[in-house]
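To start, the structure itself, in structure tokens.
Protein chains: 2
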Amino acid sequence: MIKPTITDIANEMGITPSTVSRALTGSPRVKESTREAIIRKAEEMGYERNVMASNLRRGFAKTVGIIVPRINRQFFSNVISSAESVLGEAGYTVIICQSHETLEDEVKALKTMRANQVAGVMISHSIQSVNGDHILENIPEDVELVQFDRVFSSLPGIKVVNDGVKGSYEATISLIENGYKKIGTLAGYLGAELFADRKKGYVKALEEAGMDIDEDIIFEDSILRETGYRSALKAIERGCDALYCAGDFSALGAFDAVREAGLEVPGQFGIIGTANEHFTGLMSPRMSSLEQRPDKMGAEAALAFLEAVEGKKEDRTIEIPMELIIRQSSSRKQ
Amino acid sequence: MIKPTITDIANEMGITPSTVSRALTGSPRVKESTREAIIRKAEEMGYERNVMASNLRRGFAKTVGIIVPRINRQFFSNVISSAESVLGEAGYTVIICQSHETLEDEVKALKTMRANQVAGVMISHSIQSVNGDHILENIPEDVELVQFDRVFSSLPGIKVVNDGVKGSYEATISLIENGYKKIGTLAGYLGAELFADRKKGYVKALEEAGMDIDEDIIFEDSILRETGYRSALKAIERGCDALYCAGDFSALGAFDAVREAGLEVPGQFGIIGTANEHFTGLMSPRMSSLEQRPDKMGAEAALAFLEAVEGKKEDRTIEIPMELIIRQSSSRKQ
DNA sequence: TACAAATATACAAACGTTTGTATTAATTGC
DNA sequence: GCAATTAATACAAACGTTTGTATATTTGTA
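Chains as they are written, first to last, in this note's numbering: chain W, 1 to 334; chain H, 1 to 334.
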């Protein structure tokens, strides 16, 4: 017998496949003693459930799909890694797609998920997604939706996000406490709630400190090293002595600009980045950064999904506190 | 009609499901004109193939499984990222598991793959896997096996590896040409072909240059920053003035040790790492490193798989040349 | 002892596709 | 124009599981 089925087990034992099925799925409709016998026999025969048949019959798979812009971004790969560990442990299979930051690929990915009848979708949307309509359109009602990091609060389901306002607030406060007087920000794309929040925290900190909010030193769309560099040059020109950057790569660009301007980091210029990318701790001077806790985010997202499919909890938003990692680049001005 | 099936299409058109199926799968047994009509109707009705039914009937899924020690390692996430792009484009779904560097989880992952009836498995084995027996045992004959980076040459199937001998040879030659006189190596775990190859290239370079091979400055098992640091301390003690490191993290540890010893990098001490981790280009002095081209590796692995399932090519080993990235840490001794 | 209730198992249909074989329609050769 | 061939489509079974309903068995109660 190449690969035994429940029918084979049933025949072997002189019983019916339905009983075998119920025994193996843990239905209460079968006597404990027969269940034990069946399980023993199944193991003896080297039985393995045919997932496809099972999925077909039930109409869904014990699978969750994860969609991210790019798997090879440190943040995302960390989220995926910890989510996979939790989901795998719970017997779920993880399928992965990348949106490559485009709406087109994101929709394609959603279709793939639907085609594979996943029980849930964990998604951090592409930069091209301006709202969640395409998500609603492509995910059936009964599929659990878990958004993380980049989320649309208008969508139903579970959301796992950083407390970005609080994080950027603390980062900015830290710069203020270290004596910096004119603090700008490389803000990222403000159309995303994520970045909008980080700006909010920055503004809040300045307001509390009684400092001016100057739109001229709030640089939108500065995410890359290159764009960060250019914006930072302008910031220096406009008299800034510190920058809170909504990303580590733009912060790296800020380093470049500040060095080029002949200023010292820290001291003459303070910088705090966001994401705590690995390299931040290896540079010199080492860069202060706001850690997003992607590991925690992935685990929490996975756990929330599991609770949801088991019907234990309903839709909710989980906030993962950010962690301000203070290193050299933001220390006290002499 | 909630979700149309091929039977619905058939009824609607007054034909039989088998014709619809053949039309949609591109069988030559259906007239072109009817095929076109069927496709039109299918689109009109919003038909989507039920993957599970299809998989069940055919006995396999258009899915490939990727197993890596950890998704969140830069190297692996890059491989996965480019492999997913290629496979997704070809209509394959990617499922992912982590072995967490343990044999136990790797076997579990293999079982998951088998349960999901994947068409192929791409794997880079865990450090605990000393041979490929568990792979053979858990993967059916008809599943295409693609090993990458960490491979067992004894296993059948496709293998995608770096030309590690050549890479480390060039790295070592580069150190020699820059005037370093006593070059050691932080060699990694030599039980893995991967690391054994890197040692070979190192030895070859020294031999060609007529330099002594000194086992006392070949440090096995130095992969982490911490272990690299300790080994590097010994290397300095034993008179080395350069190290070729089989990993970037051990190279980072070497930096620590050299700095602690009060020597200058480069000049008094030369270092070349392996992997070209992102941080190597951001340190100061910037670290020279051997790039593994994970993007190319993932893409080549995926392409080889696609060729194999289409029956175009047979088992083979693909070598991805490494790229020596010369930065500051290995430059000329004054 | 008999009968209702509960428990355990059997029966059979269904999930939607694919595919070997049978049938019908169209084409070819002579 | 008719048989022989080929092309196109129809029929029906199968993939292995799950699950509603029906039947058989056991238990409890009057």
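Cβ coordinates follow ideal geometry from the N, Cα and C atoms, glycine included. For clarity, every value in this text was computed on a predicted model and none was experimentally measured.
In this structure H134 (chain H) is in contact with L110 (chain H), their Cβ atoms being roughly 7 Å apart against a cut-off of 8 Å.
Cβ contact annotation for N276 (chain W) (same chain, cutoff 6 Å, sequence separation greater than five): S289, E291, I325, in chain order. Taking 7 Å as the upper bound on Cβ-Cβ separation, chain W lies near residues H278, F279, L282, M283, S284 of the segment 272 to 296 of chain H. About 35 Å separates the Cβ atoms of G298 (chain H) and C240 (chain H), ruling out a contact at the 8 Å cut-off. Considered as a whole, the segment 242 to 307 of chain W harbours 242 to 245, 270 to 274, 288 to 291 as its complete beta strand (DSSP E) runs of no fewer than 3 residues, in chain order. Across the segment 104 to 126 of chain W, CB contacts with chain H closer than 7 Å involve T112, A115, N116, Q117, in sequence order along the chain.
Between F60 (chain H) and A119 (chain H), the gap from beta carbon to beta carbon is short of 7 Å. Interface residue (Cβ-Cβ distance to chain H less than 7 Å): A53 (chain W) is classified as such. Fully contained in the segment 120 to 147 of chain W are the following alpha helix (DSSP H) runs of length 4 or more, in chain order: 133 to 138. By the rule that beta-carbons nearer than 7 Å mark a contact, T7 (chain W) does not touch chain H.
Interface residue (Cβ-Cβ distance to chain W less than 7 Å): E84 (chain H) is classified as such. Rounded to whole angstroms, the separation of the alpha carbons of V94 (chain H) and L175 (chain W) is 44 Å. For N78 (chain W), the enclosing alpha helix (DSSP H) has its first and last residue at 74 to 89.
The segment 10 to 19 of chain W and the segment 38 to 47 of chain W touch, with no fewer than 3 CB-CB distances between them shorter than 8 Å. Here N162 (chain W) carries a strand assignment [DSSP, helix/strand/coil]. Contact annotation, I223 (chain W) with Y244 (chain W): C-beta distance approximately 14 Å; criterion of less than 8 Å not satisfied. Between R29 (chain H) and I15 (chain H), the alpha-carbon positions lie close to 14 Å from each other. Bridge partners of G188 (chain W) according to DSSP: W:E220.
Taken through DSSP and simplified to helix, strand or coil, V107 (chain W) comes out as helix. Neighbours of G88 (chain W) across chain H, judged by C-beta separation under 7 Å: C97.
Scanning chain W for C-beta atoms nearer than 9 Å to the C-beta of E48 (chain H) yields K111, R114, A115, reported in chain order. Contact of I2 (chain H) with chain W is not assigned, every C-beta pair being separated by 7 Å or more. Closest in alpha carbon position to P266 (chain W), among W:L252, W:Y92, W:A257, W:A242, is W:A242.
Chain-order list of chain W residues neighbouring L56 (chain H): M52, A53, L56, by C-beta distance under 7 Å.
Between the C-alpha atoms of E84 (chain W) and A205 (chain H) there is a straight-line separation of about 42 Å. The three-state reading of DSSP puts E48 (chain H) in coil, since its state is none of H, G, I, E or B. Using a 10 angstroms sphere on the CB of V130 (chain H), the tally of other CB atoms stays under 16, which defines it as exposed. Look at the beta carbons and you see the segment 95 to 108 of chain H touching the segment 66 to 80 of chain H: at least three pairs across the two are nearer than 8 Å.
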